[in-house]
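**Q** The structure under discussion is supplied below as structure tokens; questions concerning it will follow.
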Amino acid sequence: MEDGKIISLFFERSEQAIEELNRKYGAAVKKTAANILDDRLDVEECVNDAYLRVWNNIPPHAPDPLVGYVCRIARNLAVNRYHANRAEKRGGNYALVLEEMEECIPSGVNIETEYDAKELGAAISRFLSTLKPEDRFLFVRRYWYADPVAELAVVTNGSANRISVRLFRLREKLKRSLMKEGFLA
Amino acid sequence: MNRELLSKAFGNIEESFVLEAYRPVSGDARSASERIVPMKKKRIVTLALAAALILALGITAYAAWSIHAARQQELRAELKIDENNVSSYVEYDASDEPAGGLVLLSAVNDGQTQRIYVNISPVSEEEASDPKGSEPFPVYAVSIEGTEFGGNAQKYAYDKDTQTLTLECFLPVDNMKKAAAELGTDAVPIFVQMITGIDTSRSFGPISFTMTGQQLRVFDLGNALYHDPETDKDIEIVGLDLAPFGAVWKVHYEGDAALQARKFEDWQAYKPWCDLEENVCKEAKIVFSDGSEFSIGGSQYSYYEDGAVHLWNSWKLSAINIDDVQRIVIGDMILWEAK
């Protein structure tokens, strides 16, 4: 079903809207959450919460494209739950992703406020616009979608070792880019 | 560092980049308007298409056709083996009975990795299908029996009529050498695993395999001194080792051995030289007789050996003709020219 028709179902407050949304994008939404959260119950709850948010937000919103909107909601919910759960725990795929993200930040820089996060996000976007499409794909899949390195290796026809090296070099490039922009505390 | 805010920062990137990288996951219904980033091409060759390919290549008498021969022809064409003179590309006699369901098709050594193309069967269409939901399976691996060494593999094509799955396997050359030393023989037994779940897998093989020779052209560039305008630094470009699917630039700069040894611990010191290394790999061009130019486009990794920093990269789409190099240039400087 086309996105426009799914949105129409939301506007009509038809329960079929959620069914169609789940049928079309459910696997991608679940995967976005599952890449971040280790617990299956947490993933299920996160997906259900994401659908509830979409139900509450449409209308009046009519997001286009729909997939980015719902995946972003799922990601934000998963990240929030991840950090709420992580006080005592260590390890897992997303923990590694976070460690790698920290490597990109020049030493001496701290992200302490929502404003800092927004500014950094804009700087990362500017950096992404300078990359070749295949490098940008790799970066976004790893640090937004949180795909495991082994999976990226399969998708991109490379070995996990090569993907790790490419990601390392991309992180270094981002770090240089942030320093060049004068991104300092 | 506030990790939660860091997560949010990375989550705040522009929507267009998120959508560009979106991949529909198996289990999602797809619409015609859906965009899919073509990072991996999936090919399904039917018997009829393969036969047409054989005829198009001028083979008029075709008695003993098989999926193995058809796939070998397809690989040879896709990788541009003949037109680029890849003498190191090896094709195997695929008419023998499969060894544990495994048939060797072809192989090529790119200098760092031994690439091996194989057919495995019988594999059902369900088993060969792409990952579903959030699970990463099936995943493929190639291993050397009796050792801890191996590499990864991935799906190249599937033929449902013969239930034959073609895989592209990547075994690091270093691993092959270590395995051969450990087993006391160059002919090592390799097998392929198709991992379909946490605790479920199927093995195909083993079959004897000997590492293939590397086709290499070594260019001595005589310590050409290049001044990089972007970093305002000088670098000696010592040489280039060129293979049909990979290349190593060899360079030398002030303090290179020490900088390479501590490049992860002392990033600040290494950073400008890393920029310089990347610029050489991207800006240096290999020029062929038809005027076309080729750049290895950056390096996947670097290491220090024999008095020089080695910058390595490889490519998959098709081979280059290393015998047809006419010039090697960087900026306005000619590093090497055919006589």
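Top to bottom, those sequences are chains G and D.
So this note's numbering is basically just the index in the first sequence, starting at one, shifted up by 66.
So this note's numbering is basically just the index in the second sequence, starting at one, shifted up by 74.
Yeah, the Cβ is synthetic: ideal placement off N, Cα and C, and Gly gets one too.
In this text, all values refer to a predicted model and were calculated from it rather than measured experimentally.
1. Between the Cα of residue 172 of chain G and those of G:246, G:232, G:188, spot the shortest distance and give me the residue it belongs to.
2. Judging by CA-CA distance, which residue of D:237, D:239, D:254 is the nearest neighbour of residue 245 of chain D?
3. Per DSSP, residue 165 of chain D is paired with what?
4. Since residue 154 of chain D meets chain G, which of its residues come closer than 9 angstroms, beta carbon to beta carbon?
5. Quick one: which chain G residues come within Cβ less than 9 angstroms of residue 223 of chain D?
6. Do residue 387 of chain D and residue 370 of chain D come within 8 angstroms of each other at the CB atom, strictly closer than that value?
7. What alpha helix (DSSP H) runs, 4 residues minimum, are completely inside the segment 69-152 of chain G?
8. Have a look at D:175, D:263, D:92, D:258 and flag the residue whose alpha-carbon is nearest the alpha-carbon of residue 134 of chain G.
9. Can you tell me whether residue 116 of chain D is helix, strand or coil according to DSSP?
10. Listed from N- to C-terminal order along the chain, which residues in the segment 126-143 of chain G have their beta-carbon within a distance smaller than 8 angstroms of any beta-carbon of chain D?
11. Leaving out the 5 sequence neighbours to the left and right, which residues in its chain are closer than 7 angstroms to residue 147 of chain G when beta-carbon positions are compared?
12. Smallest Cα separation from residue 162 of chain D: which of D:343, D:251, D:289, D:144?
13. Which value, in whole angstroms, describes the spacing of the CA atoms of residue 96 of chain G and residue 286 of chain D?
14. Closest by CA to residue 237 of chain D, which one among D:368, D:140, D:158, D:342?
15. Between which two residues does the alpha helix (DSSP H) holding residue 92 of chain D run?
16. Excluding the 5 residues flanking residue 218 of chain G on each side, which residues of the same chain have their C-beta closer than 7 angstroms to its C-beta?
17. With a Cβ-Cβ cutoff of 8 angstroms, do residue 77 of chain D and residue 164 of chain G count as a contact?
18. Hey, how far is the Cα of residue 368 of chain D from the Cα of residue 185 of chain D?
19. I want to know whether the segment 269-279 of chain D touches the segment 298-310 of chain D - three or more CB-CB distances under 8 angstroms.
20. Report the neighbours of residue 117 of chain G on chain D: residues whose CB is nearer than 9 angstroms to its CB, in chain order.
21. Please confirm if residue 76 of chain G has its CB atom under 8 angstroms from at least one CB of chain D.
22. Does any CB atom of chain G fall closer than 8 angstroms to the CB of residue 134 of chain D?
23. From residue 242 of chain D to residue 74 of chain G, what does the alpha carbon distance come to, in whole angstroms?
24. Can you name, in chain order, every residue of its own chain whose Cβ lies under 6 angstroms from the Cβ of residue 183 of chain D, other than the five neighbours on each side?
25. Around the Cβ of residue 238 of chain G, are there at least 16 other Cβ atoms within 10 angstroms (buried) or fewer (exposed)?
26. Is the segment 293-304 of chain D in contact with the segment 337-346 of chain D, if contact means three or more CB pairs nearer than 8 angstroms?
27. Compare the beta carbon distance of residue 149 of chain D and residue 191 of chain D with 8 angstroms and say whether it is the shorter of the two.
28. Using CA atoms only, rank isn't needed, just tell me which of D:302, D:335, D:96, D:375 is closest to residue 353 of chain D.
29. With which residues is residue 323 of chain D paired in a DSSP beta bridge?
30. Let me know if residue 145 of chain D comes out buried or exposed under the rule of 16 or more other beta-carbons within 10 Å of its beta-carbon.
31. In the DSSP assignment, find the unbroken beta strand (DSSP E) run with residue 358 of chain D in it and report its ends.
32. Between residue 385 of chain D and chain G, is the shortest Cβ-Cβ distance under 8 angstroms, so that the two count as touching?
33. From residue 226 of chain G to residue 336 of chain D, what distance separates their C-alpha atoms?
34. Which term fits residue 136 of chain D, buried or exposed, when burial requires 16 or more other beta carbons within 10 angstroms of its beta carbon?
35. Could you say which of D:212, D:410, D:260 lies nearest to residue 361 of chain D if we only look at CA atoms?
36. Could you check what DSSP says for residue 245 of chain D in three-state terms: helix, strand or coil?
**A** Reading it off the structure:
1. Against the first sequence, residue 172 of chain G aligns to sequence position 106. Out of G:246, G:232, G:188, G:246 has the C-alpha closest to the C-alpha of residue 172 of chain G.
2. Numbered from 1 along the second sequence, position 171 holds the residue referred to as residue 245 of chain D. Minimum Cα-Cα distance from residue 245 of chain D among the listed residues D:237, D:239, D:254 corresponds to D:254.
3. Mapped onto the second sequence, residue 165 of chain D falls at position 91. Listed as beta-bridge partners of residue 165 of chain D by DSSP are D:180.
4. Here residue 154 of chain D corresponds to residue number 80 of the second sequence, with the count starting at 1. Among the residues of chain G, none has a CB under 9 angstroms from the CB of residue 154 of chain D; the nearest is roughly 17 angstroms distant.
5. On the second sequence, position 149 is the one that residue 223 of chain D refers to. Ordered by position in chain G, no residue passes the 9 angstroms Cβ test against residue 223 of chain D, which lies about 13 angstroms from the chain.
6. To locate residue 370 of chain D, count along the second sequence from 1; it is residue 296. To locate residue 387 of chain D, count along the second sequence from 1; it is residue 313. Judged by beta-carbon spacing, residue 387 of chain D lies within the 8 angstroms limit of residue 370 of chain D, meaning their Cβ atoms are closer than that value.
7. Those alpha helix (DSSP H) runs which fall completely within the segment 69-152 of chain G and span 4+ residues are 69-77, 82-100, 106-123, 132-151.
8. Residue mapping note: residue 134 of chain G aligns to position 68 of the first sequence, counting from 1. Per the C-alpha coordinates, the member of D:175, D:263, D:92, D:258 positioned closest to residue 134 of chain G is D:92.
9. The sequence position of residue 116 of chain D within the second sequence is 42, counting from 1. Caution applies to residue 116 of chain D, whose pLDDT of 35 falls short of 50 and renders its modelled position unreliable; the value that the coordinates give is listed next. The three-state secondary structure of residue 116 of chain D, taken from DSSP, is coil.
10. Answer in chain order: 131, 133, 134, 137, 138, 141, 142.
11. In the first sequence, residue 147 of chain G corresponds to position 81, counting from 1. The beta carbon of residue 147 of chain G lies closer than 7 angstroms to those of 103, 108, 112 in the same chain, with the five residues before and after it left out.
12. Working through the second sequence from its first residue, we reach residue 162 of chain D at position 88. Per the Cα distances, D:289.
13. Position 30 of the first sequence, counted from the first residue, corresponds to residue 96 of chain G. Position 212 of the second sequence, counted from the first residue, corresponds to residue 286 of chain D. Taking C-alpha positions only, residue 96 of chain G is separated from residue 286 of chain D by approximately 44 angstroms.
14. Along the second sequence, read from residue 1 onward, the residue named residue 237 of chain D stands at position 163. Nearest option by C-alpha distance: D:140.
15. Residue mapping note: residue 92 of chain D aligns to position 18 of the second sequence, counting from 1. Counting along the chain, the alpha helix (DSSP H) containing residue 92 of chain D begins and ends at 89-94.
16. Within the first sequence, residue 218 of chain G is the residue found at index 152, counting from 1. So the list reads 204, 207, 208, 229, once near-sequence residues are dropped.
17. In the second sequence, counting from the first residue as 1, residue 77 of chain D sits at position 3. In the first sequence, counting from the first residue as 1, residue 164 of chain G sits at position 98. Cβ distance < 8 angstroms, so residue 77 of chain D and residue 164 of chain G count as in contact.
18. The residue labelled residue 368 of chain D in the question sits at position 294 within the second sequence. The residue labelled residue 185 of chain D in the question sits at position 111 within the second sequence. Approximately 18 angstroms between the Cα atoms of the pair.
19. Taking one beta carbon from each stretch, the segment 269-279 of chain D and the segment 298-310 of chain D have fewer than 3 pairs nearer than 8 angstroms; the two do not touch.
20. For the purposes of this step, residue 117 of chain G is taken as residue 51 along the first sequence, with counting starting at 1. Chain D residues near residue 117 of chain G: none, gap ~15 angstroms exceeds 9 angstroms.
21. Numbered from 1 along the first sequence, position 10 holds the residue referred to as residue 76 of chain G. Residue 76 of chain G does not count as touching chain D.
22. As a working note, residue 134 of chain D is residue 60 in the second sequence. With a pLDDT of 32 at residue 134 of chain D, under the threshold of 50, the predicted position of this residue should be treated as unreliable, and no value is reported.
23. The residue given as residue 242 of chain D occupies position 168 in the second sequence. The residue given as residue 74 of chain G occupies position 8 in the first sequence. Their Cα atoms are separated by approximately 45 angstroms.
24. What you label residue 183 of chain D is simply residue 109 of the second sequence in a count that begins at 1. So the list reads 286, 288, once near-sequence residues are dropped.
25. Here residue 238 of chain G refers to the residue found at position 172 when the first sequence is read from its first residue. By the Cβ neighbour-count rule, residue 238 of chain G is buried, with 16 or more other Cβ atoms within 10 Å of its own.
26. In short, these stretches do not touch, since the Cβ pair count stays below three.
27. As a first step, residue 149 of chain D is located in the second sequence; it is residue number 75 there, counting from the start. As a first step, residue 191 of chain D is located in the second sequence; it is residue number 117 there, counting from the start. Contact flag set, yes.
28. Stepping through the second sequence from its first residue, residue 353 of chain D is reached at position 279. Proximity to residue 353 of chain D across D:302, D:335, D:96, D:375 peaks at D:302, based on C-alpha coordinates.
29. Residue mapping note: residue 323 of chain D aligns to position 249 of the second sequence, counting from 1. DSSP lists D:314, D:385 as the beta-bridge partner residues of residue 323 of chain D.
30. Stepping through the second sequence from its first residue, residue 145 of chain D is reached at position 71. Answer is buried; the Cβ neighbour count reaches 16.
31. In the second sequence, residue 358 of chain D corresponds to position 284, counting from 1. Element bounds for residue 358 of chain D: 358-362.
32. If you number the second sequence from 1, residue 385 of chain D lands on position 311. Taking Cβ atoms only, chain G never reaches closer than 8 angstroms to residue 385 of chain D, which makes this a no.
33. For the purposes of this step, residue 226 of chain G is taken as residue 160 along the first sequence, with counting starting at 1. For the purposes of this step, residue 336 of chain D is taken as residue 262 along the second sequence, with counting starting at 1. Within the model, the alpha-carbon separation for residue 226 of chain G versus residue 336 of chain D is close to 23 angstroms.
34. By one-based count along the second sequence, residue 136 of chain D stands at place 62. Because the pLDDT at residue 136 of chain D is just 38, under 50, the model does not fix this residue reliably, and the point stays unresolved.
35. Translated into positions along the second sequence, residue 361 of chain D becomes position 287. Checked all of D:212, D:410, D:260; the closest Cα to residue 361 of chain D is D:410.
36. Here residue 245 of chain D refers to the residue found at position 171 when the second sequence is read from its first residue. Residue state for residue 245 of chain D is assigned as strand, using DSSP reduced to three classes.
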